[in-house]
Each structure stands twice: as C-alpha cells, then as structure tokens.
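Working notes, structure below.
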Amino acid sequence: MSLSRGIHLLKKIDSIRKPIYGNIVQSTRNSGGYSYRVASYPPTKFQIIGANALGGFMWWWVLWHLWHEPDHITGEFPWPDTKKWTNEELGIPPDDAD
Numbered sequence: 001m002s003l004s005r006g007i008h009l010l011k012k013i014d015s016i017r018k019p020i021y022g023n024i025v026q027s028t029r030n031s032g033g034y035s036y037r038v039a040s041y042p043p044t045k046f047q048i049i050g051a052n053a054l055g056g057f058m059w060w061w062v063l064w065h066l067w068h069e070p071d072h073i074t075g076e077f078p079w080p081d082t083k084k085w086t087n088e089e090l091g092i093p094p095d096d097a098d
C-alpha cells in the first residue's frame, strides 16, 4: 500500500517540475493609460474649470452664510453686560481688606 502511494507521489512531483505549455493568457488591466515613472497625466480643461467653479461656489456659500447668519458661528446667546458685574463676581477683593 505504501509503495503504490509513493509511486503516485513521485508522478505528482515530476509533473509539478515540468513547465506547463497551454493557454497562457496575459491579463489586461483596464486602469487607464501608461504612466510608469512619470508624472500623472495633466488634468483636462474641463476638470480645471470644474474644480475652480466648485471651489468658487464653496467659498461663496461659506462667506454668504458667515455674513448673513453669523449666529451659527458665534452662538445664539445674548452677550452679557460687563458693566453689571460686581467685584465679588470678578474675584476682586474689597478695597478695605488688609
């Protein structure tokens, strides 16, 4: 029994060492053009104009809302009147304290 298994194992090892000639297909990568060791492709005119338009719209949106709705940044609470604060609230000792 072990002899029959050994012969089968030797045949398998022999077939692994032999090169396989058959349908060898080279894979195709569909990732775009060729850019090996060079800079990436320059952006198209449409991409440049689109990026500038989108960036301009973003800044308009931010500045518009900062100008017209500043409470989103500063809060919606009334500012305290600092003239109504007492020395005790501010932690200032009385004048007659020694």
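Mapping the sequence shown onto our numbering, position 21 (from 1) lands on 21, and the numbers just tick up by one.
Just so it is clear, CB atoms sit at the ideal spot from N, CA and C, and this is done for glycine as well.
Please read all numbers here as calculations on a predicted model, not as lab measurements.
Boundaries of the alpha helix (DSSP H) in which residue i is found, first to last residue
i	result
Ile73	71 to 74
Ile162	Residue 162 cannot be examined here, being either before or after the span of the chain that is shown, 1 to 98.
His87	With the sequence shown as reference, residue 87 is identified as Asn, and His is not the correct amino acid for it. From DSSP, the alpha helix (DSSP H) with Asn87 extends over 87 to 90.
Cβ distance (whole Å) where residue i is taken to contact residue j below 8 angstroms
i	j	result
Leu66	Ile73	7 angstroms
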